[in-house]
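In order, the protein sequences belong to chains A and B.
Sequential numbering of the first sequence, starting at 0, is according to numbering that gives the first Met the number 0.
Sequential numbering of the second sequence, starting at 0, is according to numbering that gives the first Met the number 0.
By construction, the Cβ of each residue, glycine as well, lies at the ideal position given by its N, Cα and C atoms.
Here the structure is a predicted model, which is why all the values come from computation and not from measurement.
There are 2 protein chains.
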Amino acid sequence: MSWESNVRRVVPYVPGEQPNVENMIKLNTNENPYPPSKGVQEAMKNLQLSDFKLYPDSEAGSLVHTLAQYYGLKDEQVFVGVGSDDVLAIAFQTFFNSDKPIFFPQITYSFYDVWADLYKIPYEAIPLKADFHIDPEDYKRENGGIIFPNPNAPTGLLESLDMVEKVLRANPDVVVIVDEAYIDFGGKSALALIDTYENLLVVQTFSKSRSMAGMRIGYAMGNPKLIKYLNDVKFSTNSYTMNYPSLLLGVEAVKDDAYFKETTAKIIATRERVKSELAELGFEFPDSMSNFVFARHPKVSGTELYEALRKKNIFVRHFNNPLITEYNRITIGTDDEMDALLACVKEYLEEKGV
Amino acid sequence: MSWESNVRRVVPYVPGEQPNVENMIKLNTNENPYPPSKGVQEAMKNLQLSDFKLYPDSEAGSLVHTLAQYYGLKDEQVFVGVGSDDVLAIAFQTFFNSDKPIFFPQITYSFYDVWADLYKIPYEAIPLKADFHIDPEDYKRENGGIIFPNPNAPTGLLESLDMVEKVLRANPDVVVIVDEAYIDFGGKSALALIDTYENLLVVQTFSKSRSMAGMRIGYAMGNPKLIKYLNDVKFSTNSYTMNYPSLLLGVEAVKDDAYFKETTAKIIATRERVKSELAELGFEFPDSMSNFVFARHPKVSGTELYEALRKKNIFVRHFNNPLITEYNRITIGTDDEMDALLACVKEYLEEKGV
């Protein structure tokens, strides 16, 4: 026997690459093209060298309180973590301990089955409808918990709160997680339902709409019992997860709501324009309500288009999943970035005689 | 049945309190009394607002490389995480998957049994010798893995590399983790042994000797196979754990080795002075080689002394563990802070007629 026989072997999630090429256009990991608000810049000046030597507040009280105020909640309804991946990983550990399978869509965030494998949680990946929408009827069988993103990734499709509520009504005995990484680009948050459904956990992030992917802040909102259970597991894993700069700057990133509304509105406007231009070029895509468009062209290989763009230093995301191999997920950048992308795509289609 | 029946219920680790009182003297969580090096201050000025919108390097390449260079290792021998608690939690998940119990000392870092409970790892807490030292003979039975701090916490006692090697020689078939949070205050690191023992993982932190508790950086060093397994589990949990400021400032905190040596030497000198003054006052304590002293007075209650100091806004750490209830763990602060502590202790002893 060797020490290697007791090692947990897992197939890890592969994050989108983070290329670092001069003059690249980076539309592959759904980052926000606009920087965080000026308040964050000001807060950076308030970082004190001598404060780095101290442990940060293990309860992240200032950040929790700022988020609670922003959403009209009590502090004990908010949990924060190192990006929504940290929050979701802790939620999987905390809530999905049944021997019945958890349910999530077959085409969805590709971390869900990785967490399920890591924590030995049985699961069923439920096919979407042909139009990529979730059918709530599929979620009415016995299960050990439910998670889906809304809008879904990588399709970008938004489900109505009515659909979310159908799933909740059918599943009072398990925790239902709505992963709302992209909700601020035109969707309605299930936050409106947390007082009605005590088993509903809503997860959001600073990485997309709040322009803070580099800061690693995610959060969950739900009834105080859910939040307490999350905190118990968090405090059984790592007491101090949110570092001093993330607490100081994270608070500021929430405060400037006018800037937040302005930048998300700009991204939405750019997205709608890109959608109509892509449609004119013959692309097909679900009607995205996120900060990306998931598009295929009936006459062009998804992989080849991805490679062609890459050669021009335009990075989009292509998934090695046979169900969606003809698609590319294109993040909505600035108008200039999208013009460059569209010009490149047009040129490629012309070359191909499409 | 309710959704609560599938919740993972755990008894979390309780971190030392982080009081925030005017003019307090904080000697309760083993923080460094000196700020990080000036290079960290300079690096703060290089944080760019526009870089916060991008995901950080998921492999933390710059930080890994800087640490590897510092210790004369290859990059693939270094793993970084959000404090050594993050590193250790991932190591427990990765390496301790046997159905045989893991071994750790009975008096030790009180997170070990919490992680074991969280991940459902069987364990045996092995009593220390009467002098608080580890007896390597106790670690020669069949087990599922071994972890101990060196120096141990909260005793502060250092074990020789000879003792560490005795444990390693007896345990080639399990992973042995040496948790060296306090090694820079006069100990010899087991890093010297990683080429000989491929099952040895050495864990260190920026929180003590590097004055960066607020930044949450810990790291593990070992052979590339161990590091790869850790990374697989890390990438199955959270792709981006180290945020942009921690990468930028963390690199700087390692670079200024002269400052590092100067501040650790100052803490060691203060510790030796405090030890002789405490001995003169009648205190008894293991011969600490860490940045704290774990002391009891044969004529004074540990709890009462803790409370008396607390009333004067001097915070030390007292553990609710019957084996060590007469002890207080006193962090080594600046000379001024320790003078204030010693004056307070003297006054208390005089009041008690000791």
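- Close to Thr-302(B), with beta-carbon spacing below 8 Å, lies no residue of chain A; the smallest spacing is near 23 Å.
- Within chain A, not a single residue places a beta-carbon under 8 Å from that of Gly-221(B); the smallest gap is close to 11 Å.
- In the DSSP assignment, the residues bridged to Ile-145(A) are Phe-102(A) and Val-175(A).
- With a threshold of 8 Å between beta carbons, Leu-341(B) makes no contact with chain A.
- Every unbroken stretch of the alpha helix (DSSP H) spanning 4 or more residues and falling wholly within the region 221–303 of chain B is given here in chain order: 223–234, 243–254 and 256–279.
- According to DSSP, residue pairing for Glu-123(A) in a beta bridge involves Phe-102(A).
- Neighbours of Lys-52(A) in chain B, taken as residues at a C-beta separation under 8 Å, are given in chain order as Glu-30, Asn-31, Pro-32, Tyr-33, Pro-34, Pro-35, Ser-210, Met-211, Ala-212 and Gly-213.
- Listed in chain order, the non-local C-beta contacts of Leu-127(A) below 7 Å within the same chain comprise Pro-104, Gln-105, Ile-106 and Ile-133, local neighbours out to five positions each way being set aside.
- Spanning the alpha carbons of Ile-89(B) and Thr-269(B) requires a straight line of approximately 35 Å.
- Annotation: Met-23(A) to Glu-336(A) spans about 10 Å, alpha carbon to alpha carbon.
- Collapsing the DSSP output to three states places Gln-203(A) in a strand.
- Following the DSSP letters along the chain, one finds Ile-89(A) inside the alpha helix (DSSP H) bounded by residues 82–94.
- A distance of 8 Å or more separates the beta carbons of Pro-285(B) and Gly-185(B).
- At least 8 Å separates the beta-carbon of Val-86(B) from that of Val-81(A).
- In terms of Cβ geometry, Asn-96(A) and Tyr-138(A) do not form a close pair [threshold 8 Å].
- Under the Cβ distance rule, Ser-238(B) counts among the residues neighbouring chain A, one pair being separated by less than 8 Å.
- For Leu-26(A), there are no C-beta contacts with chain B under 9 Å, since the nearest C-beta of that chain is about 12 Å from it.
- Each residue's CA atom was taken as its position, placing Asp-183(A) and Glu-3(A) some 45 Å apart.
- Nearest to Ser-208(A) by alpha-carbon distance, out of Lys-233(A), Ser-49(A), Val-253(A) and Glu-136(A), is Val-253(A).
- Closest by C-alpha distance to Gly-38(B), out of Asp-255(B), Asp-338(B) and Lys-310(B), is Asp-255(B).
- Per DSSP, reduced to three states, the secondary structure at Val-353(B) is coil, with no helix or strand assignment.
- Identification of residues in the region 1–15 of chain A having a C-beta nearer than 9 Å to some C-beta of chain B yields Ser-1, Trp-2, Glu-3, Ser-4, Asn-5, Val-6, Arg-7, Arg-8, Val-9, Val-10, Pro-11, Tyr-12, Val-13, Pro-14 and Gly-15, given in sequence order.
- For Asn-96(A), the closest Cβ of chain B is nearer than 8 Å.
- Across the region 229–256 of chain B, CB contacts with chain A closer than 7 Å involve Asp-231, Val-232, Phe-234, Ser-235, Thr-236, Asn-237, Ser-238, Tyr-239, Thr-240, Asn-242, Tyr-243, Pro-244 and Ser-245, in sequence order along the chain.
- If you look at Arg-168(A), you'll find it isn't in any beta strand (DSSP E); it sits in the alpha helix (DSSP H) that goes 160–169.
- Per DSSP, Thr-65(B) is one residue of the alpha helix (DSSP H) stretching across 60–70.
- A Cβ-Cβ separation of about 5 Å places Tyr-108(B) in contact with Pro-148(B) under the 8 Å criterion.
- In the displayed model, Lys-52(A) falls within a helix according to three-state DSSP.
- Residue state for Gly-186(B) is assigned as coil, using DSSP reduced to three classes.
- In the three-state DSSP reduction, Val-39(B) falls in the helix class (H, G or I).
- For Phe-78(B), the pairing in a beta bridge is given by DSSP as Ala-219(B).
- Here the C-alpha atom of Phe-234(B) lies approximately 24 Å from the C-alpha atom of Leu-200(A).
- Under the Cβ distance rule, Val-81(B) counts among the residues neighbouring chain A, one pair being separated by less than 8 Å.
- Contact with chain A is found for Asp-85(B), since one of that chain's Cβ atoms lies less than 8 Å from the residue's Cβ.
- The C-beta of Asn-198(A) comes closer than 8 Å to at least one C-beta of chain B.
- Val-6(A) has its alpha-carbon roughly 41 Å from the corresponding atom of Arg-168(A).
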